[in-house]
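Step one of this worksheet: look at the structure below.
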Amino acid sequence: MSLVPELTRPRRAKKLATAEALLRNGLNVVAVRKPGVPLVEIRLRIPALSAKTNRPAQANLLAETLLTGTGRLGRAGLAAEIQALGGELSVGVDADRLLIGGNVLATGFGPLLDLLAKVLTAPKYAEIEIETERDRLIERLTIARSRSGVVAAEALGKRMWGEHPYALDLPTPEWVAATTAKQVRTLHEQIVLPQGATLVLVGDLAPAKMIDLAAGAFGRWKGAPAKSRVPKLPEPTPGLPLLVVDRPGSVQSSVRLGRPAVPRSHPDSPALQLANLIFGGYFSSRWTENIREDKGYTYGPHSRIDHHALGSTLMFDVEVATEVTGPALLETLYELGKIASLPVTEAEVTSVRQYAIGALALSTATQAGLASTLSALSAFGLGLDWVLEHPARLSALTVEDVSAAAATYFAPSQLTGVVVGDADLIVRPLGALGPVELAE
Amino acid sequence: MPAAKKLKLPSPSFDLTHHTLGNGLRVVLAPDRSAPVVGVAVLYDVGFRSEPEGRTGFAHLFEHLMFQGSANLDKLEHFRYVQSSGGTFNGSTHFDYTNYFEALPSNALERGLFLEADRMTSPRITADNLANQLEVVKNEIRVNVMNRPYGGFPWIYLPAVLFDTFANSHNGYGGFEDLESATVEDAAAFFDSYYAPSNAVLAVGGDLGVDDTLALIEKHFGGIRKRPRPKRPNFGEPPLNEERRTQHHDPHAPIPAVAIGYRIPDPIGKLDAHLANLLLTEILSDGDASRLQRRLVQRDHLVTDIAAYLGEFGDPFDERHPSALTITAHYPDARTLEAILAAIDEEISSVARNGLNDGELDRVRTRLVSVLLRELDAVLSRTLEFAKFELIYGRAELIAELPALLAAVTEDDVRKAAAALRPDRRAVLELVAGGAE
Numbered sequence: 133m134s135l136v137p138e139l140t141r142p143r144r145a146k147k148l149a150t151a152e153a154l155l156r157n158g159l160n161v162v163a164v165r166k167p168g169v170p171l172v173e174i175r176l177r178i179p180a181l182s183a184k185t186n187r188p189a190q191a192n193l194l195a196e197t198l199l200t201g202t203g204r205l206g207r208a209g210l211a212a213e214i215q216a217l218g219g220e221l222s223v224g225v226d227a228d229r230l231l232i233g234g235n236v237l238a239t240g241f242g243p244l245l246d247l248l249a250k251v252l253t254a255p256k257y258a259e260i261e262i263e264t265e266r267d268r269l270i271e272r273l274t275i276a277r278s279r280s281g282v283v284a285a286e287a288l289g290k291r292m293w294g295e296h297p298y299a300l301d302l303p304t305p306e307w308v309a310a311t312t313a314k315q316v317r318t319l320h321e322q323i324v325l326p327q328g329a330t331l332v333l334v335g336d337l338a339p340a341k342m343i344d345l346a347a348g349a350f351g352r353w354k355g356a357p358a359k360s361r362v363p364k365l366p367e368p369t370p371g372l373p374l375l376v377v378d379r380p381g382s383v384q385s386s387v388r389l390g391r392p393a394v395p396r397s398h399p400d401s402p403a404l405q406l407a408n409l410i411f412g413g414y415f416s417s418r419w420t421e422n423i424r425e426d427k428g429y430t431y432g433p434h435s436r437i438d439h440h441a442l443g444s445t446l447m448f449d450v451e452v453a454t455e456v457t458g459p460a461l462l463e464t465l466y467e468l469g470k471i472a473s474l475p476v477t478e479a480e481v482t483s484v485r486q487y488a489i490g491a492l493a494l495s496t497a498t499q500a501g502l503a504s505t506l507s508a509l510s511a512f513g514l515g516l517d518w519v520l521e522h523p524a525r526l527s528a529l530t531v532e533d534v535s536a537a538a539a540t541y542f543a544p545s546q547l548t549g550v551v552v553g554d555a556d557l558i559v560r561p562l563g564a565l566g567p568v569e570l571a572e
Numbered sequence: 005m006p007a008a009k010k011l012k013l014p015s016p017s018f019d020l021t022h023h024t025l026g027n028g029l030r031v032v033l034a035p036d037r038s039a040p041v042v043g044v045a046v047l048y049d050v051g052f053r054s055e056p057e058g059r060t061g062f063a064h065l066f067e068h069l070m071f072q073g074s075a076n077l078d079k080l081e082h083f084r085y086v087q088s089s090g091g092t093f094n095g096s097t098h099f100d101y102t103n104y105f106e107a108l109p110s111n112a113l114e115r116g117l118f119l120e121a122d123r124m125t126s127p128r129i130t131a132d133n134l135a136n137q138l139e140v141v142k143n144e145i146r147v148n149v150m151n152r153p154y155g156g157f158p159w160i161y162l163p164a165v166l167f168d169t170f171a172n173s174h175n176g177y178g179g180f181e182d183l184e185s186a187t188v189e190d191a192a193a194f195f196d197s198y199y200a201p202s203n204a205v206l207a208v209g210g211d212l213g214v215d216d217t218l219a220l221i222e223k224h225f226g227g228i229r230k231r232p233r234p235k236r237p238n239f240g241e242p243p244l245n246e247e248r249r250t251q252h253h254d255p256h257a258p259i260p261a262v263a264i265g266y267r268i269p270d271p272i273g274k275l276d277a278h279l280a281n282l283l284l285t286e287i288l289s290d291g292d293a294s295r296l297q298r299r300l301v302q303r304d305h306l307v308t309d310i311a312a313y314l315g316e317f318g319d320p321f322d323e324r325h326p327s328a329l330t331i332t333a334h335y336p337d338a339r340t341l342e343a344i345l346a347a348i349d350e351e352i353s354s355v356a357r358n359g360l361n362d363g364e365l366d367r368v369r370t371r372l373v374s375v376l377l378r379e380l381d382a383v384l385s386r387t388l389e390f391a392k393f394e395l396i397y398g399r400a401e402l403i404a405e406l407p408a409l410l411a412a413v414t415e416d417d418v419r420k421a422a423a424a425l426r427p428d429r430r431a432v433l434e435l436v437a438g439g440a441e
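Residue numbers (the numbering used here), protein chains in the order written: chain A, 133 to 572; chain B, 5 to 441.
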């Protein structure tokens with residue numbers, strides 16, 4: 133008999149006080165009271181999809197310079213005012229959206245929203261700041277592209293999506309160098325607008341109060357973006373040769389495999405989530421137990437489902453020692469083929485179900501975690517209800533459901549693959565397992 | 005600063021219970037029943053600094069072995085029990101300690117305690133497990149250091165310039181030759197010396213009842229054999245009195261970088277000076293209003309980014325004496341290193357000579373307290389902080405006192421801290437970009 137203690141009866145999480153409002157300017161505000169520490173987390177998500185080639189460069193430069201001044205406040209003056217509130221703001225960008233994130237002592241919440249509203253309605257984008265940030269952005273992109281994983285992600289994006297904007301997320305230095313202050317200001321006028329944006333507020337304040345303060349602060353922010361026309365995400369061509377990108381001197385190879393998946397709203401989604409955990413989505417997964425804990429080929433493989441506005445993906449990432457690149461791919465293909473061909477077990481489903489429920493509870497148990505989760509869900513019209521109802525969706529799944537999802541989504545023949553590494557050492561062993569193409 | 009404008013900063017408040025078991029295990033409990041989750045953390049008082057010569061990286065390799073099965077658990081079972089309970093786990097090795105931890109739904113509290121007690125009793129260290137984890141650790145070093153631009157910069161390479169003794173200056177990840185020569189006997193001896201219950205702190209936070217939890221802790225940990233607590237040597241080294249410089253070649257880095265290190269006063273014995281240094285690092289580099297950002301990024305366009313921090317991993321409360329204040333920068337033009345060093349020196353000496361601007365110290369400490377509070381929101385990070393402060397500072401309560409202590413630091417204290425960062429007291433590590441085109 134096992135000495136390991138049984139689980140006791142689970143305790144229920146407390147209900148959270150929430151409020152939601154659509155402001156007159158079209159800004160959707162979601163507020164949740166979550167005590168714990170006397171802070172408020174802020175996430176303002178502004179849609180930014182575009183098919184324009186120069187958009188990534190402009191949007192990245194906008195993100196780097198949005199907080200460099202407003203009205204009488206210059207760059208350092210604005211930063212000092214935010215800091216004095218115990219606050220912080222930063223701007224992130226990807227193909228789908230701009231995300232202004234931050235946090236502040238609850239006592240400084242109202243004043244921080246006022247500062248943010250000023251930035252949104254009257255940004256400076258001074259010539260000197262654009263120049264500074266243009267150079268820095270190029271330097272940062274150079275650093276990013278010196279990393280094997282970034283090279284691999286970019287190569288896989290192009291292999292899967294061709295010339296679609298989703299493959300060109302990371303701007304080229306040439307496009308950044310060509311971007312002007314005037315273009316950034318124009319882009320701000322076109323997309324940094326309340327209609328269609330969502331503001332998520334989570335912290336130690338009453339939800340109604342947070343919404344009132346937001347309505348007061350953002351009342352003068354107005355406008356609706358023009359409808360963007362972005363082509364549908366293409367279907368990747370299955371069966372392409374494995375693409376090898378040469379990175380001489382690499383002591384490891386970055387292996388990336390991917391394929392389209394389904395959004396959270398799709399009936400397959402919960403079963404796919406569990407199938408992914410069983411395969412490579414948590415430490416006790418088949419992939420980790422095989423190529424790390426048994427073979428020692430890697431520090432750790434990871435598979436995951438990403439949700440984007442135009443489509444979801446199932447992605448497989450692993451860094452393996454150069455000399456075992458072939459064997460590591462062999463084991464990976466074996467595990468993929470196995471989970472696609474044979475049913476998963478009851479014990480595996482029980483474990484990942486409990487893990488998924490627990491991990492969701494832990495990741496939404498902090499102010500920052502809940503704010504980020506709600507902001508990401510808002511892009512798909514989902515909210516706190518989705519978080520609260522998800523355990524029931526997972527509990528309803530059978531072994532057959534999960535096995536069926538594994539059979540549908542994990543077939544190795546349907547994946548697109550890229551390996552970045554020392555081509556002289558890895559092309560031949562990889563070629564033994566299937567067709568390989570060396571990138572120019 | 006005018007006395008009328010005394011700054012009020014929020015403080016966290018905790019309900020802490022301390023207890024020591026018969027075998028010497030120190031226990032800290034921090035109940036908080038607001039959510040049905042618990043954090044469990046065990047910290048052992050051994051890190052890179054205690055590794056013997058010829059065994060660099062051993063403390064970290066040993067940390068991996070602690071996950072490979074134990075008295076009542078086969079290999080893989082530890083992970084599976086935590087995760088199938090809905091929990092997460094990890095461990096990490098630091099200069100002065102090694103931690104093991106879980107975040108769990110509160111109905112798995114006893115299970116979490118059992119898992120930690122089982123490996124404190126006896127980890128299953130076998131030749132197979134050692135061989136497997138040796139490969140895993142080598143791959144960890146490849147992914148985080150050898151195959152990555154700026155990998156291990158500067159935490160692996162700066163101590164070798166800044167400090168003199170083997171304990172303080174060696175590579176904590178370890179050389180492959182040293183790692184490959186590690187044996188099962190080494191591991192058994194390391195466990196016996198350093199993993200005694202008397203050399204550890206157990207912290208449990210979150211949805212728990214104090215009496216019930218103490219009883220469970222007694223049940224699972226109380227029977228672990230009492231062993232002597234190893235004596236920790238004083239690793240301290242006095243400040244430098246002559247500048248040191250070295251280069252580090254990075255084959256993948258596309259642009260150069262520099263790390264400047266200073267030895268600082270004992271973080272524990274001279275806590276006031278340590279907090280003055282902490283506020284100084286924030287004044288120098290936290291955000292767009294900070295002095296080094298304004299000067300080197302915004303005005304002179306010398307660097308891509310610049311950061312000043314305490315503690316080799318950027319956590320100011322992670323190390324005993326000796327610890328370091330580090331300034332790092334990446335910069336596009338290798339010829340500008342001297343100009344960068346001169347600009348940094350000017351900004352530091354301007355703080356020392358001319359003091360601070362109105363409101364500068366208050367806004368920086370307000371933000372710092374906000375950051376400290378934010379780190380306490382998650383039950384696991386909070387529990388890890390309790391354990392760390394109990395182990396390093398002997399008092400988990402210190403966390404709640406930090407806002408008031410930071411509020412008491414004066415402009416004069418910060419000026420004195422800046423005055424100590426003289427060019428002749430620094431170690432400079434220049435990263436040469438081997439990946440530049």
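C-beta: ideal position from N, C-alpha, C; glycine also.
I need the boundaries of the alpha helix (DSSP H) containing residue i, first residue and last residue.
i       : result
N358(B) : 341–358
T274(A) : 259–277
Q190(A) : 187–197
L161(A) : Checking the displayed sequence, the identity of residue 161(A) turns out to be Val instead of Leu. Careful: V161(A) lies outside any alpha helix (DSSP H), inside the beta strand (DSSP E) at 160–165.
I129(B) : Careful: I129(B) lies outside any alpha helix (DSSP H) and carries neither H nor E.
Run the CB neighbour count on residue i, radius 10 Å, all protein chains shown included, and call it buried at 16 or more, exposed below.
i       : result
T140(A) : exposed
N111(B) : buried
A39(B)  : buried
G209(B) : buried
R123(B) : buried
E480(A) : buried
Q133(B) : Per the sequence shown, the amino acid found at residue 133(B) is Asn instead of Gln. Label assigned to N133(B): buried.
A8(B)   : Low confidence applies here, because A8(B) scores a pLDDT of 43, under 50, leaving its location unreliable; read the following figure in that light. The residue is exposed, with fewer than 16 neighbouring Cβ atoms inside 10 Å.
R152(B) : buried
E220(A) : buried
A493(A) : buried
For residue i versus residue j, is the C-beta distance shorter than 8 angstroms?
i       : j       : result
P258(B) : V436(B) : no
I1(B)   : I331(B) : As shown, chain B starts at 5 and ends at 441. That puts residue 1(B) outside it, with no answer to give.
A421(B) : A280(B) : yes
S74(B)  : A63(B)  : no
N235(A) : A500(A) : yes
L372(A) : V568(A) : no
G289(A) : A276(A) : no
E389(B) : E379(B) : yes
E152(A) : V161(A) : yes
I'd like the span of the beta strand (DSSP E) that includes residue i, first residue to last.
i       : result
G390(A) : 384–392
M447(A) : 443–453
I174(A) : 171–179
H334(B) : 328–334
A107(B) : 102–109
Legend entry - Near-chain A residues of the region 233–261 of chain B (beta-carbon distance less than 8 angstroms), N- to C-terminal order: Per Cβ criterion, the list reads P255, H256, A257, P258, I259.
Legend entry - Members of the region 367–394 of chain A that neighbour chain B once the beta carbon cut-off is set at 7 angstroms: Per Cβ criterion, the list reads G381, S382, V383, Q384.
Legend entry - Contact list for the region 123–151 of chain B against chain A, Cβ threshold 7 angstroms: So the close ones are N136, E139, V140, N143, E144, R146, V147, M150, N151.
Legend entry - Inter-stretch contact (C-beta, 8 angstroms, three-pair minimum) for the region 191–211 of chain B and the region 23–41 of chain B: Cβ pair count under 8 angstroms is three or more, so yes.
Legend entry - Segment contact, 8 angstroms Cβ cut-off, at least three pairs: the region 435–445 of chain A with the region 392–412 of chain A: Cβ pair count under 8 angstroms is three or more, so yes.
Inset, instruction - Could you name the residues of the region 76–93 of chain B whose beta carbon sits closer than 9 angstroms to any beta carbon of chain A, in the order they occur along the chain? - result: Within the region 76–93 of chain B, the residues whose Cβ lies closer than 9 angstroms to some Cβ of chain A are N76, L77, K79, L80, E81, F83, R84, Y85, V86, Q87, S88, S89, G90, G91, T92, F93, listed in chain order.
Legend entry - contact_flag[the region 232–248 of chain B, the region 295–307 of chain B] where n(CB pairs < 8 angstroms) is 3 or more: Judged by pairs of C-beta atoms under 8 angstroms, the region 232–248 of chain B does not touch the region 295–307 of chain B, as fewer than three such pairs exist.
Inset, instruction - For the region 168–187 of chain A and the region 314–333 of chain A, state whether three or more C-beta atom pairs, one from each stretch, are separated by less than 8 angstroms. - result: A contact exists between the region 168–187 of chain A and the region 314–333 of chain A.
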